[in-house]
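A short write-up of the structure that comes next.
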Amino acid sequence: MGRVSEKVILVTGGARGMGAAHARLLVAEGAKVVITDILDNEGATFAAELGPSAMYVHQDVAQPEEWCQAIAAVESKFGALHGLVNNAGIASMAPIELFPLEQWEKTLAVNLTGVFLGMQTALPAMRRAGGGSIVNISSVEGLRGSAGLHAYVASKFGVRGITKSAALEAAASGVRINSIHPGFINTRMTENIDLSSFPIPLGRPAEPQEVSQAVLFLLSDESSYFTGSEIVVDGGLTIGVPQKCQAVENIF
Ligand SMILES: NC(=O)c1ccc[n+]([C@@H]2O[C@H](COP(=O)([O-])OP(=O)(O)OC[C@H]3O[C@@H](n4cnc5c(N)ncnc54)[C@H](O)[C@@H]3O)[C@@H](O)[C@H]2O)c1
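Everything in the sequence shown is counted per the UniProt record's numbering, starting at 1 for the first residue and increasing by one.
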């Protein structure tokens with residue numbers, strides 16, 4: 001028996017990166033997984049590689065009608081929806097005075113409105129299934145500021161907040177909603193970022209699979225008393241600056 005056996009789970013932005021790692025682990029742990037993305041070739045190829053427990057569906061998470069189509073496809077193929085990973089996301093960087101309005105609006109549409117639409121559309125399906133678990137992928141940038149990442153930071157703080165307001169409402173119908181806050185993870189999103197400017201106490205970035213472990217836990221019944229909570233997977237990045245400590249007497 002896998003840790004999410006017989007659960008049906010939708011992973012957005014699952015064609016590559018962390019979403020793909022989550023989908024792979026969930027299938028290995030017994031779930032039926034529907035991967036959605038706008039990268040149709042990569043998504044379809046990856047779902048075929050995972051086998052009959054996986055299916056790919058095209059979906060732009062910022063489009064309400066594409067959410068209805070995706071949830072309908074999940075229920076039609078696998079009969080129910082028990083889990084949702086709101087993982088799709090984009091990032092861009094510029095000084096605030098030069099930040100293009102179009103980039104601001106696009107980032108909020110994908111990263112925040114996409115999560116809002118996902119919860120809005122998935123909740124009725126999860127109630128039909130008798131309960132469920134939603135995992136919203138925020139970021140360490142949903143816990144602190146980061147120069148240049150204005151739209152991304154705003155969207156990820158928003159994801160953290162709406163996770164809690166939605167969790168309050170969904171609890172009565174047996175749906176748990178939590179957020180995950182990854183730090184520096186090796187994916188396409190971070191390939192052009194200078195790692196040396198990140199003082200990571202554990203001394204290295206993470207591989208996507210290390211975040212998948214937290215996703216798996218929140219989707220499994222092992223996390224039955226978690227809702228509205230935040231799991232930070234950042235190698236200590238947000239706890240402070242790593243430094244060696246010398247013994248000094250009477251410093252105060
Ligand atoms: N990589 C990191 O260090 C890091 C850290 C914290 C949080 N995150 C978050 O983790 C999530 C996954 O990011 P990743 O690092 O795997 O990046 P990635 O770029 O490899 O994957 C993002 C996926 O989202 C898809 N996507 C983009 N726009 C979409 C849309 N409109 N509709 C549907 N799918 C869309 C992309 O096609 C891609 O497959 C994102 O929400 C990101 O913000 C990443």
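Glycine included, every Cβ here is placed at the ideal spot set by N, Cα and C.
DSSP places T187 in the coil class of the three-state scheme, outside both helix and strand. For P205 and N86, the gap between their C-alpha atoms comes out near 22 Å. For D37, the pairing in a beta bridge is given by DSSP as H58. Between V33 and A54, the C-beta gap is smaller than 8 Å, which places the two residues in contact.
With contacts defined as CB atoms closer than 8 Å, E207 and N192 fail to qualify as a contacting pair. Taking a cut-off of 8 Å for Cβ pairs, the stretch 222 to 230 and the stretch 159 to 170 touch, as three or more such pairs fall below it.
Between the stretch 87 to 96 and the stretch 106 to 120 there are three or more C-beta pairs closer than 8 Å, enough to call the two in contact. At a Cβ-Cβ threshold of 8 Å, P182 and V241 do not count as neighbours. As DSSP reads the structure, R176 sits in a beta bridge with S133.
Cβ contact annotation for L50 (same chain, cutoff 6 Å, sequence separation greater than five): V27, in chain order. Counting only residues of its own chain and dropping the five nearest sequence neighbours on each side, G118 has a CB closer than 7 Å to the CB of T12, V61, W67, L84, N86. Here G132 is buried, its C-beta having at least 16 other C-beta atoms within 10 Å. If you check the C-beta of A91 against ligand 1, you find a heavy atom less than 7 Å away. Following the DSSP letters along the chain, one finds L84 inside the beta strand (DSSP E) bounded by residues 83 to 86. Excluding residues up to 5 positions away in sequence, V34, V74, L84 lie with their Cβ nearer than 6 Å to the Cβ of L10 in the same chain. In the same chain as S138, and ignoring 5 residues on each side of it, the C-beta atoms closer than 6 Å to its own belong to K156, V159, R160, S179, H181, in chain order. Setting aside the 5 residues that flank it on each side, A15 is surrounded in the same chain by I35, D37, L39, E42, G43, F46, each with a C-beta closer than 7 Å to its C-beta; the list follows chain order.
Here the alpha carbons of L219 and R24 stand approximately 14 Å from one another.
Within the same chain, Cβ atoms closer than 6 Å to the Cβ of G30 are found at G2, V4, S5, the five residues on either side in sequence being excluded. In chain order, H150 place their CB closer than 6 Å to the CB of F99, counting only its own chain and leaving out the 5 sequence neighbours on each side.
Between the alpha carbons of Q63 and Q209 lies a distance of about 28 Å. Following the DSSP letters along the chain, one finds I231 in no alpha helix (DSSP H) but inside the beta strand (DSSP E) bounded by residues 230 to 233.
Judged by DSSP in its simplified three-state form, V11 adopts strand.
Sixteen is the threshold: when 16 or more other Cβ atoms of the shown chains lie within 10 Å of the Cβ of E141, as they do, the residue is buried. Looking at the DSSP output, A206 sits in a beta bridge with I185.
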